[in-house]
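The working numbering runs 2 ahead of the 1-based position in the sequence shown.
The beta carbon of each residue, even a glycine, is placed where N, CA and C say it ideally should be.
All of these numbers come straight from a predicted model, not from anything done at the bench.
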Amino acid sequence: MRRKVSSMAIQDVRGMRGTSRRGRIRFLFALGVFFSLTALSSVSAQEAGSLQGTVTDPSGASIAQAAVSIYARDGSFQLSTSTDEKGRYRFGAIAPGEYIVEVAGPDSFRAISRSVVVGSDAGPLDISLPLDQLREEVIITASTTPLTVEQTSKALDTVDRAEMDARDEYSLAESLRLIPGLRVRRQRGPGGQTAIQIRGMRAEDTAVLLDGFRLRDGADIGGSASPLLDDLMVVSTNRVEVLRGSGSTMYGSGSTGGAINVVTDHGGGRLHGEILGEGGGLGMTRGLARFGGGALEDRLNFSAGLTHLNVTNGIDGQDAHRNSGIHGAVQYALSPSASLSGRIMASDGFLQLNDSGFIPDEAAANLPATGLSRATPLPVDQQRLLERGQPFQIGSSTFVPDLNDPDSRHSSSFFVGAVQYMQQLGTRGSFRIGYQGLETNRSYRDGPGGIRFEPMFNNSSSFNANIDTLQVRADWEQGRHQLFSFGYEFERELYDSPSSDENPDPSSRVKTSIGSEQKHQSVFAQDQFRWLDSRLQFS
Numbered sequence: 003m004r005r006k007v008s009s010m011a012i013q014d015v016r017g018m019r020g021t022s023r024r025g026r027i028r029f030l031f032a033l034g035v036f037f038s039l040t041a042l043s044s045v046s047a048q049e050a051g052s053l054q055g056t057v058t059d060p061s062g063a064s065i066a067q068a069a070v071s072i073y074a075r076d077g078s079f080q081l082s083t084s085t086d087e088k089g090r091y092r093f094g095a096i097a098p099g100e101y102i103v104e105v106a107g108p109d110s111f112r113a114i115s116r117s118v119v120v121g122s123d124a125g126p127l128d129i130s131l132p133l134d135q136l137r138e139e140v141i142i143t144a145s146t147t148p149l150t151v152e153q154t155s156k157a158l159d160t161v162d163r164a165e166m167d168a169r170d171e172y173s174l175a176e177s178l179r180l181i182p183g184l185r186v187r188r189q190r191g192p193g194g195q196t197a198i199q200i201r202g203m204r205a206e207d208t209a210v211l212l213d214g215f216r217l218r219d220g221a222d223i224g225g226s227a228s229p230l231l232d233d234l235m236v237v238s239t240n241r242v243e244v245l246r247g248s249g250s251t252m253y254g255s256g257s258t259g260g261a262i263n264v265v266t267d268h269g270g271g272r273l274h275g276e277i278l279g280e281g282g283g284l285g286m287t288r289g290l291a292r293f294g295g296g297a298l299e300d301r302l303n304f305s306a307g308l309t310h311l312n313v314t315n316g317i318d319g320q321d322a323h324r325n326s327g328i329h330g331a332v333q334y335a336l337s338p339s340a341s342l343s344g345r346i347m348a349s350d351g352f353l354q355l356n357d358s359g360f361i362p363d364e365a366a367a368n369l370p371a372t373g374l375s376r377a378t379p380l381p382v383d384q385q386r387l388l389e390r391g392q393p394f395q396i397g398s399s400t401f402v403p404d405l406n407d408p409d410s411r412h413s414s415s416f417f418v419g420a421v422q423y424m425q426q427l428g429t430r431g432s433f434r435i436g437y438q439g440l441e442t443n444r445s446y447r448d449g450p451g452g453i454r455f456e457p458m459f460n461n462s463s464s465f466n467a468n469i470d471t472l473q474v475r476a477d478w479e480q481g482r483h484q485l486f487s488f489g490y491e492f493e494r495e496l497y498d499s500p501s502s503d504e505n506p507d508p509s510s511r512v513k514t515s516i517g518s519e520q521k522h523q524s525v526f527a528q529d530q531f532r533w534l535d536s537r538l539q540f541s
């Protein structure tokens, strides 16, 4: 592994105000480059194969609307479709090679996977879906190439869309609470600061990936994804894969605890969708709309989703929180051996903040001289008096919890877009190149309202970052038992932190900004060996 890092501090960041605009220009430029790469599909043109068959239950009855997905063994190709009324499915114009086929029933609780070799003369692949079949999903995070659950020996768990819907999860972080060895910590209610720890490691030791690309906040002191977890909503999520332990170190030094890969839905099959509306306690309402499908004989797959969460009251009636999220993805098979895909995801959130808890002087008499003290919060009615600056009774309380701050608030947003081109090189090799642009913004605003250590006038601080990532990877199979992978990654970060206040005296008004820029380059190589139908692996 070779890594080169260069950094430069920038005191005058006036030029960085155009960072967002330049980022979008780079994104569009990269999109044009990817479309120009479509010419490569004709360079490695080869005789196309196809795969078709029927999905049935144990009695032989056909299963309609079953989801069928096909994955190239080296991870360079993926397509999805659904069965018709007679249980039939078909993938046309597929490059010859080894694939993994995954079939999930319309209830999404039954799934089975099979390995298959596709050639120009391949026969039909009929699959019977047992009624008592446990889910045999295809896993990507364990080795960066598709594997079935029974083919991986690493500590890995998945949470799919069916489970999220059954538990009515609205937050991706909350959907991971039941995974062994993983701790989700959230302060206060919806929208509160969230952190994920795996096997007791720090939050910054957990890598969060979005379709294989690292997702993190460049303005976070640890460079982690923790500030973004509050805004990651369940929109068009297909599943979340959680890899725990040393097997996740392939994703870099920030993944020593584990890696969480959010796999989004790229659509496929018949046009389908859903609309959800719900409400409940804390003044909470949520809306969700999403759809997906395929066209041009499933050569073009697409999906999109929109969600909005609104909490008007929160825990104590003054913890309002709002969050809106969108997702869109499209994938097009340029030829039997080449595909181009793109996706976007964005979120915008708002949260009312509270002051930190403290021990008032009046509670000193309630604290023991030695030993442990029982934590007794100030009653709620006395908290309201204290917030209004009126006399209150401490009683037997030993501390004051976090009181409402009427003019303290936090707003955050992020936008991430990615394009990826995949090219199969014959039956043994593949090449892929991808670009992701990530923009994150966090802003904190406070004023003279409140009871402790409040500023004399309104002030604000922002923490903004842009991360551009370019990934290039090549895979080559040395026979049926060895896969060699080589890759290169370039990453560029921009950081901007403006601060200002509203001092009525212009001569004393504060308006500062600090920025920095750094670039990372890295290369990696991996050699995987597999025997016994991929049940015994070494890398």
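Cut-off 7 angstroms between Cβ atoms - residues of its own chain near G121, not counting five sequence neighbours on either side | For this step, residue 121 is matched to residue 119 along the sequence shown. Counting only Cβ-Cβ distances below 7 angstroms, and skipping sequence neighbours, we find G51 and P98.
DSSP three-state call for M166: helix, strand or coil?
-> Position 164 of the sequence shown, counting from 1, holds the residue named residue 166. Three-state result, M166: helix.
Inspect the beta-carbon positions of V418 and G307 and report whether they are closer than 8 angstroms.
-> Here the question's residue 418 lines up with position 416 in the sequence shown. Here the question's residue 307 lines up with position 305 in the sequence shown. Result no, Cβ atoms of V418 and G307 do not sit closer than 8 angstroms.
Q189: which of E176, I181, A164 and L180 sits nearest, CA to CA?
-> Translated into positions along the sequence shown, residue 189 becomes position 187. Nearest option by C-alpha distance: E176.
Give, in chain order, every unbroken run of the alpha helix (DSSP H) that is at least 4 residues long and sits entirely within the region 317-358.
-> none
Mind checking R376: buried by the 16 CB within 10 Å criterion, or exposed?
-> For the purposes of this step, residue 376 is taken as the residue at position 374 of the sequence shown. When all chains shown are included, R376 counts as exposed.
Check L230 in the structure and name its three-state DSSP category.
-> Here residue 230 corresponds to residue number 228 of the sequence shown, with the count starting at 1. The answer is helix: DSSP assigns L230 an H, G or I state.
Quick one: what's got a C-beta closer than 6 angstroms to Q80's C-beta in the same chain, skipping five residues either side?
-> Along the sequence shown, read from residue 1 onward, the residue named residue 80 stands at position 78. Same-chain partners within the cutoff: Y73.
Alpha carbon to alpha carbon, how far is S43 from L427?
-> Reading the sequence shown from its first residue, position 41 is the one you call residue 43. Reading the sequence shown from its first residue, position 425 is the one you call residue 427. Residue confidence is low: S43 scores 46 on pLDDT, short of 50, so the model does not pin down where it sits. Its coordinate-derived value is still stated next. Distance between the alpha carbons of S43 and L427 is about 9 angstroms.
S46 versus A335: straight-line alpha-carbon distance, rounded = In the sequence shown, counting from the first residue as 1, residue 46 sits at position 44. In the sequence shown, counting from the first residue as 1, residue 335 sits at position 333. Annotation note: pLDDT 45 at S46 (below 50); position unreliable, coordinate value reported separately. For S46 and A335, the distance between alpha carbons rounds to 14 angstroms.
Length of the line joining the Cα atoms of R288 and N443 | For the purposes of this step, residue 288 is taken as residue 286 along the sequence shown, with counting starting at 1. For the purposes of this step, residue 443 is taken as residue 441 along the sequence shown, with counting starting at 1. Rounded to the nearest angstrom, the two C-alpha atoms are 23 angstroms apart.
Quick one: which unbroken beta strand (DSSP E) runs of 3-plus residues sit fully inside the region 181-216? Chain order, please.
-> 184-188, 196-200 and 208-212
Report the residue from G319, D267 and S305 whose alpha carbon sits nearest the alpha carbon of G283.
-> By one-based count along the sequence shown, residue 283 stands at place 281. Here the closest residue by C-alpha is G319.
To which residues of the same chain is S358 closer than 7 angstroms at the C-beta, ignoring the five residues directly before and after it?
-> Locating residue 358 in the sequence shown gives position 356, where the first residue counts as 1. Counting only Cβ-Cβ distances below 7 angstroms, and skipping sequence neighbours, we find D404.
Using the beta-carbon count (16 or more within 10 Å), is V602 buried or exposed?
-> Past the edges of the chain, shown from 3 to 541, lies residue 602, and the structure says nothing about it.
What number of angstroms, rounded off, separates the C-alpha of F433 from the C-alpha of L217?
-> Here residue 433 refers to the residue found at position 431 of the sequence shown. Here residue 217 refers to the residue found at position 215 of the sequence shown. Whole-angstrom Cα-Cα distance: 23 angstroms.
Say whether the region 513-526 touches the region 490-505, bearing in mind that this needs 3 or more beta-carbon pairs closer than 8 angstroms, one atom from each stretch.
-> yes
Determine the DSSP secondary structure at V236, reduced to helix, strand or coil.
-> Taking the sequence shown and counting its residues from 1, the one referred to as residue 236 is at position 234. It is coil, neither helix nor strand.
Mind checking whether I181 and V244 have CB atoms under 8 angstroms apart?
-> By 1-based counting over the sequence shown, the position of residue 181 is 179. By 1-based counting over the sequence shown, the position of residue 244 is 242. Yes, they are a contact pair.
Start-to-end residues for the beta strand (DSSP E) that takes in L311 | As a working note, residue 311 is residue 309 in the sequence shown. Run containing L311: L302 to V313, per the beta strand (DSSP E) assignment.
How long is the line joining the alpha carbons of Q438 and V421, rounded to whole angstroms?
-> Against the sequence shown, residue 438 aligns to sequence position 436. Against the sequence shown, residue 421 aligns to sequence position 419. Cα to Cα, Q438 sits roughly 7 angstroms from V421.
Exposed or buried, what is I277 when buried is set at 16 or more other beta-carbons lying within 10 Å of its beta-carbon?
-> For the purposes of this step, residue 277 is taken as the residue at position 275 of the sequence shown. With fewer than 16 Cβ atoms within 10 Å of its Cβ, I277 is classed as exposed.
Going by DSSP, name the residue or residues bridged to P108.
-> The count along the sequence shown starts at 1 and reaches residue 108 at position 106. DSSP lists no partner for P108.
For the beta strand (DSSP E) holding R475, just list the boundary residues, first then last.
-> Residue numbering aside, residue 475 sits at position 473 when the sequence shown is read from its first letter. From DSSP, the beta strand (DSSP E) with R475 extends over N461 to E479.
Express the C-alpha separation of H412 and D14 in angstroms, rounding to a whole number.
-> Within the sequence shown, the letter at position 12 stands for residue 14. Within the sequence shown, the letter at position 410 stands for residue 412. Below a pLDDT of 50, predicted positions are generally treated as unreliable, and D14, at 38, falls in that range; no measurement from the model is reported.
Residue nearest to D477 in terms of C-alpha spacing, selected from P457, P508, L440 and Q425 | Stepping through the sequence shown from its first residue, residue 477 is reached at position 475. The candidate whose alpha carbon is nearest that of D477 is Q425.
Based on Cα-Cα distance, which residue from I65, D233 and A63 lies nearest to F352?
-> Within the sequence shown, numbered from 1, the residue matching residue 352 stands at position 350. Closest by alpha carbon: D233.
Report the rounded CA-to-CA distance for N263 versus N240, giving the unit in angstroms.
-> On the sequence shown, position 261 is the one that residue 263 refers to. On the sequence shown, position 238 is the one that residue 240 refers to. Looking at the two C-alpha atoms, the distance is approximately 11 angstroms.
Does DSSP put T378 in a helix, in a strand, or in coil?
-> Here residue 378 refers to the residue found at position 376 when the sequence shown is read from its first residue. Three-state result, T378: coil.
Under 8 angstroms between C-beta atoms of G489 and R475 | Residue mapping note: residue 489 aligns to position 487 of the sequence shown, counting from 1. Residue mapping note: residue 475 aligns to position 473 of the sequence shown, counting from 1. Cβ atoms of G489 and R475: closer than 8 angstroms.
Going by alpha carbons, who is nearest to I453 out of G193, K513, L298 and P408?
-> Counted from its first residue, the sequence shown places residue 453 at position 451. Minimum Cα distance to I453 is reached at P408.
What number of angstroms, rounded off, separates the C-alpha of S541 from the C-alpha of D76?
-> Looking up residue 541 in the sequence shown gives position 539. Looking up residue 76 in the sequence shown gives position 74. Their Cα atoms are separated by approximately 14 angstroms.
Which residues DSSP lists as bridging N263, in chain order = To locate residue 263, count along the sequence shown from 1; it is residue 261. DSSP output for N263 lists L211 and E243 as bridge partner(s).
Sequence-distant residues of the same chain with beta carbon closer than 7 angstroms to L534, five excluded per side | Reading the sequence shown from its first residue, position 532 is the one you call residue 534. So the list is empty, once near-sequence residues are dropped.
Residues near D162 in its chain [Cβ-Cβ closer than 6 angstroms; skip 5 each side] | Position 160 of the sequence shown, counting from 1, holds the residue named residue 162. Answer for D162: R241, listed in chain order.
Any idea what DSSP makes of S117, helix, strand or coil?
-> Counting from 1 along the sequence shown, the entry for residue 117 is found at position 115. In this structure, S117 counts as strand in the three-state DSSP scheme.
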